[in-house]
Amino acid sequence: MPSAVTAVLNLSNWLAFLLGTVANILVVYLCFKVRNTEIKTLRRCLASVAVFELVECVDLSAMQAGIQKLNGIPSITLKGIVDCFPIVVAKCFYVIFFAMIILRLLSLPMSFLYRFAMICG
0 MPSAVTAVLN LSNWLAFLLG TVANILVVYL CFKVRNTEIK TLRRCLASVA VFELVECVDL
60 SAMQAGIQKL NGIPSITLKG IVDCFPIVVA KCFYVIFFAM IILRLLSLPM SFLYRFAMIC
120 G
């Protein structure tokens with residue numbers, strides 16, 4: 000029987016998945032439906048960040064990574080649906096997760112530079 004902490008963490012993961020997915024899909028939808036001129040100039044930047052976060056949210060929920068001590072060494076274990084697939088698939092999910100983090104971190108300064116160029120230009 001899983002402990003109460005495990006049950007709460009699983010519930011937290013699924014709630015974060017639902018909220019993150021719905022919110023990011025809504026942001027992408029609104030980026031292309033809103034007619035505000037301010038939003039139109041930044042629509043690609045906002046939509047790209049929302050898509051990166053959406054993929055990251057789905058990927059992280061599929062992995063449900065956790066830290067566990069194996070032989071006294073902290074190790075990352077995957078407890079989600081990815082655990083049912085071969086190790087190659089799990090590694091692909093792990094790489095996609097870190098790629099989305101990097102893309103999200105790179106998109107922030109790029110959107111800042113774009114906005115700075117629009118103001119000063």
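Numbering (this note's numbering) for the sequence shown: 0 to 120.
All residues carry an ideal CB built from backbone N, CA and C; glycine is no exception.
In this text the structure is predicted, and so the values were computed from the model without any measurement.
Please classify Cys56 as buried or exposed, where buried requires at least 16 other C-beta atoms within 10 Å of its C-beta.
The residue in question, Cys56, is buried, as its Cβ has 16 or more Cβ neighbours within 10 Å.
Residues in its own chain within less than 6 angstroms of Ser110 by CB, not counting five upstream and five downstream?
Same-chain partners within the cutoff: Cys44.
State the start and end residues of the unbroken beta strand (DSSP E) segment that holds Lys32.
Careful: Lys32 lies outside any beta strand (DSSP E), inside the alpha helix (DSSP H) at 3 to 32.
Does Pro85 come out as helix, strand or coil in the three-state DSSP assignment?
It is coil, neither helix nor strand.
Quick one: is Glu37 buried, meaning 16 or more other Cβ sit within 10 Å of its Cβ, or exposed?
Glu37 should be labelled exposed.
By a C-beta neighbour count over all protein chains shown, 10 Å radius and 16 as the cutoff for buried, is Val88 buried or exposed?
Exposed is the call here.
Host alpha helix (DSSP H) of Ile38 (start-end)
Its alpha helix (DSSP H) spans residues 36 to 62.
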